[in-house]
Amino acid sequence: MSLILLALLPVVAHASVYMWVDADGNTHFGDQPPAEVAPKKVKVAPPPVSNDASAKERQQRMQDFLSEQQKDREARQVDQAKAAEQAAKKADLCTRMRAQLKNMARISTFYGLDENGDRVYATEEENERLRKDFRDKVKQACG
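In my numbering, the protein residues as written are -17 to 125.
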């Protein structure tokens, strides 16, 4: 409520105030005098700014609150940037893993090298196990 009043203060401070006396001798004040009287413009001084300790304490609490909100906002932005980076890395990894999985489907037989550098071919059961293990790994990592 007080924030609304503070927001309206500049509007109120610039409004003209008039004083006039009616036919009965009563003095009136307003922002729009009746047309049938000669009003006198009154200069209204704004109220003095409160510099007491409680006002300074409220101002400090508000400043602390705003600073804390800014820190929280910055921390959320950092977290969101990290999450986006991790998601991009995961998407890249999954793309590469799926490409490797397609390549594994085209290969008829896998092989390794022995201590002499000669190829040692895997059996059909070992080939299927390797493909299944890698499919499971892709599914676990990428969904």
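A virtual CB, placed ideally from N, CA and C, is assigned to each residue, including glycine.
Leu95 and Val102 do touch by the CB rule: their CB atoms are close to 7 Å apart, below 8 Å. At the C-beta level, Tyr0 and Lys25 stay beyond 7 Å of one another. As summarised for the segment 68 to 122, there are no continuous alpha helix (DSSP H) elements at least 4 residues long confined to that stretch. Distance from Ala104 to Phe116 at the Cβ level is roughly 13 Å; contact not present, criterion being Cβ atoms closer than 8 Å.
The Cβ atoms of Met79 and Val120 lie closer than 7 Å to each other. Secondary structure note for Lys22: its beta strand (DSSP E) is the uninterrupted segment Lys22 to Val24. For Val(-1), the enclosing beta strand (DSSP E) has its first and last residue at Val(-1) to Val3. Between the alpha carbons of Trp2 and Pro28 lies a distance of about 21 Å. Its chain contains Asp13 and Lys23 as the residues whose beta carbon lies nearer than 8 Å to that of Ser(-2), once the 5 sequence neighbours on both sides are disregarded; these appear in chain order. Between the alpha carbons of Asp34 and Leu48 lies a gap of roughly 21 Å. Pro15 sits close to Pro21, with the two beta carbons spaced by under 7 Å.
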